[in-house]
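**Q** Numbering (this note's numbering), first residue to last: 1112 to 1570. Note that CB positions come from ideal geometry on N, CA and C, so glycine has one too. As the structure is a prediction and not an experimental result, all values here were calculated from the model.
(1) Between residue 1391 and residue 1405, is the Cβ-Cβ spacing less than 8 Å?
(2) Would you tell me roughly how many angstroms separate the C-alpha atoms of residue 1438 and residue 1425, rounded to the nearest one?
(3) By the three-class DSSP mapping on this structure, what secondary structure does residue 1386 have?
(4) Taking buried to mean at least 16 other C-beta atoms within 10 Å of its own C-beta, is residue 1057 buried or exposed?
(5) Does residue 1197 come out as helix, strand or coil in the three-state DSSP assignment?
(6) How would you call residue 1555, buried or exposed, if buried means at least 16 neighbouring beta carbons within 10 angstroms?
(7) So the alpha helix (DSSP H) residue 1148 belongs to, where does it begin and stop?
(8) Taking the alpha helix (DSSP H) that residue 1525 falls in, what are its first and last residues?
(9) So the candidates are 1546, 1176, 1464, 1290; which of them puts its Cα closest to the Cα of residue 1230?
(10) Compute the Euclidean distance between the alpha carbons of residue 1494 and residue 1320, then round it to the nearest angstrom.
(11) With a threshold of 16 other CB atoms inside 10 Å of the CB of residue 1253, please say whether the residue is buried or exposed.
(12) Which residue wins for smallest C-alpha separation from residue 1381, given the options 1346, 1418, 1302?
(13) Between the C-alpha atoms of residue 1417 and residue 1299, what's the straight-line distance to the nearest angstrom?
(14) Ends of the beta strand (DSSP E) at residue 1452?
(15) Could you pull the start and end residues of the beta strand (DSSP E) that residue 1479 belongs to?
(16) Within a Cβ cutoff of 7 Å, which residues of the same chain sit near residue 1121, ignoring the five residues on either side of it in sequence?
(17) Taking C-alpha atoms, which residue in 1361, 1280, 1291, 1458 lies nearest to residue 1263?
(18) If you follow the beta strand (DSSP E) that residue 1490 is part of, which residue opens it and which one closes it?
(19) Less than 6 Å between C-beta atoms, sequence neighbours within five positions excluded: which residues of the same chain meet that for residue 1240?
(20) Using DSSP with H/G/I as helix, E/B as strand and the rest coil, what is residue 1374?
(21) As an exercise, report each continuous beta strand (DSSP E) stretch of at least 3 residues that is fully enclosed by the stretch 1240–1291, in chain order.
(22) Residue 1471: buried (16+ other C-beta within 10 angstroms of its C-beta) or exposed?
(23) When DSSP labels each residue in this structure, what does residue 1204 get in the three-state scheme?
(24) In three-state terms, what does DSSP make of residue 1541?
(25) Using CA atoms only, rank isn't needed, just tell me which of 1408, 1376, 1372 is closest to residue 1389.
In structure tokens form, the structure reads like this:
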């Protein structure tokens, strides 16, 4: 037996296991920006399809062939404007969108050669240049005297606010957090958006003027929907999802069990990563992007073993194939057909492991096979979906726990619109939230303009 190093980190959930150089390397940019030559080569692969399927697959309907052609002809600022015309958060979307299941999946090059045009990286190339040069493409229309309240400074709320500000309206955004950005600031893997990019994008968007952000303002505690509808000409709800689903497993309250979204948020707010504790043996429960983000980052923080457990098969995982492959490449084990049953604890109440049921599908229903297995763990992260807390919304129509809206984002209440993850049909995608906010802003603007029109003369 070897001797024990008294200075070695103790087992358990601790931070600072790695050297500063290791943290810097581990959390470096996943896909660094293309240089000019790389961008021109990538743009040259585009066929500039007239009926481009990539545009149809993009929730914000960016004119992808046009912006790529503009890059190919040496006009990155023109390209950025084409992107921002449809998606003012195009810089972040270029980093976090699952392009492999959206625009790039349907790219003609993908169909013909199995390798799509790198649409996401080209989008980042153009938008990064515009932001680095602080190229401002939009001016506010003359002031209308109308003021709109936006609840939530995430992608939906920011996109809505920017479009309304362009149209000359004044916007006040109420957000519960200390910083604006929502999911982009708190909810994505650190290595997908480095160098405080989320805050740089917020600052770029706010440069248009006419937008005020009030932080630490929670709907139902500091403000009410009834008050907002009384004080403002319209209200947009884009507060996202605030709650987290429970494991429904015995021992879930044990020390060492936490929500993956909280774990990711701490990482996003840490400048060194040394102060974010992680276990040596981590189990992540879930099969979506949040599960992969949490698992990969746990490994990058110095966890020795990280296992994702998902109750169904590989094909049913919400995380894309690219994300699953990324996890595997970082040493994360993904195990399927396992469902949490019980958290095992030590005498001191800390996590010792997790007991799981093996599952299969019978007559379309997921059921236990009757077999169980145990995985040793000192840290369990829950990534099984978030919930919408609707108690503060009064009589607004809900379905399946989400806000019901029409095709323009209008809710059942007069003067109130909604978009993003909080609405029925929201898909937990930044790009879709942007589309919801943008389209709701157009609807709000039409309503305000119609109210200002003089009544038609009666014959």
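**A** Straight from the coordinates:
(1) no
(2) 13 Å
(3) coil
(4) Past the edges of the chain, shown from 1112 to 1570, lies residue 1057, and the structure says nothing about it.
(5) helix
(6) Residue environment: residue 1555 is assigned as buried (16 or more neighbouring CB atoms within 10 Å of its CB, all protein chains considered).
(7) 1147–1154
(8) Note, residue 1525: premise wrong, no alpha helix (DSSP H); not H, not E.
(9) 1176
(10) 37 Å
(11) exposed
(12) 1302
(13) If I take the Cα positions, the gap works out to 18 Å.
(14) Element bounds for residue 1452: 1449–1456.
(15) 1476–1487
(16) For residue 1121, the predicted model reports a pLDDT of 43, less than 50, meaning its position is unreliable and no value from the coordinates is stated.
(17) Of the listed residues, the one whose Cα sits closest to residue 1263 is 1291.
(18) 1490–1493
(19) 1187
(20) helix
(21) 1258–1262, 1281–1285
(22) So residue 1471 ends up on the exposed side.
(23) Three-state DSSP puts residue 1204 in a helix.
(24) helix
(25) 1408
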